[in-house]
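In order, the protein sequence lines correspond to chains A and B.
Using the working numbering, read the first sequence as starting at 1 and increasing by one per residue.
Using the working numbering, read the second sequence as starting at 483 and increasing by one per residue.
The next block holds one structure in the form of structure tokens; read it before the comments.
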Amino acid sequence: MKSEFIENRFHVTRRHFLGKLGLGFGSVALGSLLMPDLFSGKEELGQTVGLPHFAPKAKRIIYLFQNGAPSQLESFDYKPLLTKMAGEELPASIRMGQRLTGMTSGQKKFPLVGSHFKFQQYGKSGAWVSEMFPNIAKVVDDICIIKSMHTEAINHDPALTFMQTGAQQGNRPSMGAWLSYGLGSENKNLPAYCVLLSRGRGNGQGVYSKLWTNGFLDSIHQGVQFSSSEERVLYLKDPQGRDRKDTRKMLDNLAQLNDMNYKEFGDPEIQTRIQQYEMAYRMQTAVPELTDLTHEPDNIIKMYGADCLSPGTYAANCLLARKLSEAGVRFVQLYHQGWDQHGNIVGEMPLQAQDVDRATAALIMDLKQRGLLDETLVIWGGEFGRTNYCQGDLSKDNYGRDHHPRCYTIWMAGGGVKPGMVYGESDEFGYNIVRDPVHVNDFHATVLHLMGLHHEQLNFKHLGRRYRLTDVAGKVVNGILV
Amino acid sequence: MQKIKSILLNLIFFIQVLLIFLLLFDDRIELPVWLQVAGRLHPALLHLPIGLLVFLIVLLLARNEFKKKAFNKIMLIVLLLTSFTATVTALFGFFLSRQGDYGPDALTQHKISGTLLSLLCYGLVLAFIRKEKYSTLFYGLGLLTVGFMFFAGHTGGTLTHGENYVFAPLSNSPNNAVADADASVFQMAVFPILEKKCFTCHNEKKAKGKFVMTSVAKFKKGGKHGKEWEEGMPEKSRMIKYIHLPLEDDDHMPPDGKPQLSTQEMKMLESWIRAGADFEKKLTDLKDDDSLKIIATAVAASKNNHIEEKQYGFTAAPEEVVRKLNTPFRSVFPLSQKSPALQADFFIKESFESGALEELKEVRDQLVVLNLSKMPVIDKDLLVIGSFKNLEKINLNFSKINGAGLSSLQGLKNLNSLSLAGTDITSESLKPVMVLPALKELFVWNTGITEEQRAKLEAQHPGITVRTSQFKEDKTLRLSRPLMVNEGVVKKGEPVVIKHSMPGVTIRYTLDGSNPDSVVSKMYDAPLKLLVSTKIKAMACKSGWYCSEVFETACFVEGQRPVHVELLTTPDKQYRGEGAKSLTDGRKGFTDVFKEPSWLGYSDQPLAAGFDFGQNPSAIRTIMISYGRSIGSYIFPPMVVEVWGGRNRNDLRLIKSLNVEQPVKDEPQRIEALSIPLEKVNHSYYKLIVKPVDKLPKWHSGKGKKGWVMIDEVFFY
């Protein structure tokens, strides 16, 4: 039986249909009068990029990435219970079915193990810091320790990629690229996003250029990797037999040719190319000024440790990071490798800490004494945490820890983050989070917020949908904001 | 009747489409002033559809009292009117939503429910006309409509009266979510409004209309006409009257062009005056149903939810002007998309001219942050900086000022942060800036200012933090090692440069493999000239520091080139390099990447290679093999090296066999040179056999497994 409803009630004649249609479109037309930029011919971006959405707390970021995942249990998350229960089996009620990596899945026992290193409370905040980080302990009232980070990945590459790009697969723009895209560059003589690598003495994990990729954003937003050698930006010097005047002349003529091409094809990438040549030319002046350490006062060298004079060390990178940041580079990304202590924590971790501790604290103090800490966000941390049980053989004086995504510790300083604060809490076993969890997406949302960007509004249309750094999740962690 | 019905129906349809369109493009709509008036009618209009809906229900209940035909006509009229007024109300409501400061969550709920309500009313009319009179569908729709009426009404009420306005008196639990027990109503909800919207003109310095609001005593006293309010009577209070004057009126406050009060803020001020303009009363002193408490709580809550954009008393500079001020060496940009305030940064000191500072006068009012770090700014330039009267933050770190011109900054009433690190200022020269009313932080690290002077400055000016370095450590530290600048293979006689980045260090070195001594070893004063590959050991010393650890490197110098090189055994397939060519191409490998054309790797069998020096060979005294060591990765020094010599490949005899010293523990990765001295005989052809370690030692994690040898170059001297 045919539906009477369809027969009659929706019965519409052509005249009626067209009449209604006209009325509807008329209405839309009237409404469109209220949108001043509707027919301006500008491409609809849904947003303007190049400036913060609201006045930012932080203008620049220095991200001290501790690659390989330093153990939270030997650094900032003090768990005396683990020492008490050393050797006992991890209770199933705590593990709650957490998956294991291939490295411990064959292990029959999961004996708990406490920190070999002593902890003490420091500063007005009374935060616990391990004896391996005596200098960071001195600036503990300037930093905000987040003990409740958690991630989804359990192996280095996906976890690292997640931390840096907001996705585990490695096809998205990294954080620095998003910021360069959203905020533009402050100093036109330097790239907005710089990457510095160093290697510690512990078990290392690789870093790859996909971590500082521009993904689907314009290639201008890609991170520029600085070399670890004496010459920190390669191929910047004029070649032998050609001076700057010749270079200028060559660039002028090249620009004319490129401009002719641009007039013919109208491809905006040509203009980008001309600008990039110009920037490289200006970098010839800007970069030597940055890498010249001979004008740094003696006590700066002392503060960072003499290692800061050897290019390619973490200390040298920290000093360079400060100089780059001071010169208006939006995002300076450091990676320090060697934190993957599956075994030999007692032997390796102090070496890693030694590399990092002094220079990190120096960076905080240096920014502060220049009046830059309040506008520079410093982030320190790895890609996940480490297990509270021992990997491999637990001996009296040594042990190792496997990857642990459920709970780990990072810290931030400056740039609108509450100083002298400890946020979030893990359980007595240091295994699960009991208060204020911060997911990687939340971390990204918060960082963008500090830089004056709504994480939901900073997006880019690609393959038919809009992408964000936080993709479809993320909440600003208001509790750590000033 | 039919005509009116058709016109009304079309009109409703028209507005419905318009409404949906407007909602879809909400954030791109800019409202002309006359439509704002329409928006303000929303609170009046909204009573019509509510009344009509109630009337509709009454009609339906009294259905039997009417004749059927007449009843249908009445129903139609009422339905049409309901739908029409609901639609118009929704549209006007949208206009209103674009004007006020409303909490985003409640606003979204109200918008959606209001729009749905108007759509439902329209549906009701359509159902009625399309022969669905009094059917289940009709009544269903009707019920839904009434439901939405309550919901929309409720959310609307929340917007104007605050959360839980209706039921607040019933609930017993005191609502302390935002109420700070210690804060007075004035502090919590009135003062922030005044601070945000009034203080720019009504402060000690400016005192427009002789009315100062920044101190409670002066605020109470009033302006040139005397007291600004009558306790309990907002309608008779001058302050409130002025707020309500039309914007065009000269007496309207805040003046046209300044940030205006929101409806909520006006209400707050009125309620506070109505309640007696009490400065002490705490929120907790008020009853929960006190309207003052309700609105004050709402004001405080909205303050917490919003990202507050700082308000400025000036308007933005034209985009064109700002754009023109941008050069590669000077960036000028707004603090945010909506902010009129500007920041200016200067870069590259070689390109700095005072003129560039002068040019910023075009945006003198808008400039709030000025960064001249490391620029050769002199004291005279401070005169120009002093004319940017809205500056809040200046960075003059490592500039060329000595402080004599700091008095030029005296007019900067908003300056709260001044950085002078690394300049030649003195404690004395800081005097004029220490009295700036807004100054909070002063950075004087790395200047001549002593710790005592710093402490004295802070003591004399309690509101100002004077910062120097917090780094205090007397421990003597070890210097870093010196470096060799040359990379790869050095040509014979090419200067070899050793360097240390710290000014004033002495570098001492040896070339014989012995450890350098900080006193007796040769001092480095000019680049070295080397004839053969040499092991350089060097250390850096400076007074006040411990001497560095020894820097050790092999400097490879170009040797004699064979005519032909051949590999007699095949390298492992992962490390094939470029075959025989890799051994004499003059290219050095890196220690961290072995899968690379410089390196040849062997594990299962020894490396065997032939080097042909042609018919008239010159004497070769040393063969040097450059090999990689990466103990953790099983890459060890060779175990045994054999050198064979003769006239050609088939006529050779063993002339040297060497056991190489093996490591006894893990060590850092490096490239090492193995030097093999030879008898002085002119052979045409040399064969090298390099055997990898066959069993890794016991202490190694790979004990018992085969080791690797990695060779990147062989030199003949």
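Virtual Cβ for every residue (Gly too), placed ideally from N, Cα, C.
Since the structure is predicted, the reported quantities are computational estimates derived from the model, not experimental observations.
Check: Min CB distance residue 368 (chain A) to chain B below 8 Å; Outcome: yes
Check: Paired residues, beta bridge with residue 597 (chain B) - DSSP; Outcome: According to DSSP, residue 597 (chain B) bridges with nothing at all.
Check: Assigned secondary structure, residue 1131 (chain B) (DSSP; H/G/I helix, E/B strand, else coil); Outcome: coil
Check: Chain B within 8 Å of residue 307 (chain A), Cβ atoms only; Outcome: yes
Check: For residue 626 (chain B) and residue 195 (chain A), the rounded distance between their alpha carbons; Outcome: 59 Å
Check: Proximal chain B residues relative to residue 53 (chain A), where beta-carbon distance stays under 7 Å; Outcome: 818 and 819
Check: Interface positions of the segment 820-846 of chain B facing chain A (Cβ-Cβ less than 9 Å), listed along the chain; Outcome: 820, 821, 823, 825, 827, 829, 830, 831, 832 and 833
Check: Start-end ranges of the beta strand (DSSP E) lying completely within the segment 877-909 of chain B, minimum 3 residues; Outcome: 899-901
Check: Rounded separation between residue 880 (chain B) and residue 184 (chain A) - CA only; Outcome: 26 Å
Check: Exposure of residue 1161 (chain B), with buried meaning 16 or more beta-carbon neighbours within 10 Å; Outcome: exposed
Check: Chain A residues whose Cβ lies nearer than 8 Å to that of residue 554 (chain B); Outcome: Ordered by position in chain A, no residue passes the 8 Å Cβ test against residue 554 (chain B), which lies about 17 Å from the chain.
Check: Check whether residue 1151 (chain B) and residue 1035 (chain B) have beta carbons under 8 Å apart; Outcome: no
Check: Residues that DSSP places opposite residue 809 (chain B) in a beta bridge; Outcome: B:812
Check: Residue nearest to residue 1020 (chain B) in terms of C-alpha spacing, selected from B:637, B:1026, B:997 and B:1041; Outcome: B:997
Check: Residue-level contact to chain B via CB, residue 360 (chain A), 8 Å cutoff; Outcome: no
Check: Distance, residue 340 (chain A) Cα to residue 112 (chain A) Cα; Outcome: 18 Å
Check: Separation of residue 518 (chain B) from residue 723 (chain B), as counted between CA atoms; Outcome: 21 Å
Check: Local Cβ density within 10 Å of residue 136 (chain A), reported as buried at 16 or more and exposed below that; Outcome: buried
Check: Near-chain B residues of the segment 279-296 of chain A (beta-carbon distance less than 7 Å), N- to C-terminal order; Outcome: 282, 285, 286, 293 and 294
Check: Contact list for residue 982 (chain B) against chain A, beta-carbon separation under 8 Å; Outcome: 309
Check: Residue 907 (chain B) beta carbon near the ligand ADP (any heavy atom closer than 7 Å); Outcome: Because no ligand of any kind appears in the structure shown, any question about the ligand ADP cannot be addressed here.
Check: Bridge partner(s) assigned by DSSP for residue 459 (chain A); Outcome: A:468
Check: CB contact below 8 Å: residue 96 (chain A) versus chain B; Outcome: no
Check: Neighbour list for residue 191 (chain A) in chain B, Cβ cutoff strictly below 8 Å; Outcome: Per Cβ cutoff of 8 Å: no residues; residue 191 (chain A) is ~13 Å from chain B at best.
Check: Stretch-stretch touch, CB-based, cutoff 8 Å, three pairs: the segment 708-727 of chain B with the segment 773-783 of chain B; Outcome: no
Check: Inter-residue Cα distance where the pair is residue 445 (chain A) and residue 76 (chain A); Outcome: 24 Å
Check: With 16 other Cβ atoms within 10 Å as the buried cut-off, status of residue 794 (chain B); Outcome: buried
Check: Check whether residue 1090 (chain B) and residue 1065 (chain B) have beta carbons under 8 Å apart; Outcome: no
Check: Euclidean distance between Cα positions of residue 403 (chain A) and residue 73 (chain A); Outcome: 12 Å
Check: Proximity of residue 160 (chain A) and residue 389 (chain A) at Cβ, strictly below 8 Å; Outcome: no
Check: Residue-level contact to chain B via CB, residue 398 (chain A), 8 Å cutoff; Outcome: no
Check: Reduced DSSP category for residue 655 (chain B) - H, G, I as helix; E, B as strand; rest coil; Outcome: For residue 655 (chain B), the pLDDT reaches just 42, beneath the cut-off of 50, and the residue's location in the model is therefore unreliable, although a value from the coordinates is still provided. The answer is coil: DSSP assigns residue 655 (chain B) none of H, G, I, E or B.
Check: The segment 1102-1127 of chain B: positions lying closer than 8 Å to chain A by Cβ; Outcome: none
Check: Completely contained beta strand (DSSP E) runs for the segment 992-1064 of chain B, where each covers 3 or more residues; Outcome: 1016-1023, 1033-1037, 1046-1049 and 1059-1062
Check: Residue 1173 (chain B) (DSSP reduced to helix, strand or coil); Outcome: strand
Check: Any C-beta of chain A under 8 Å from that of residue 510 (chain B); Outcome: yes
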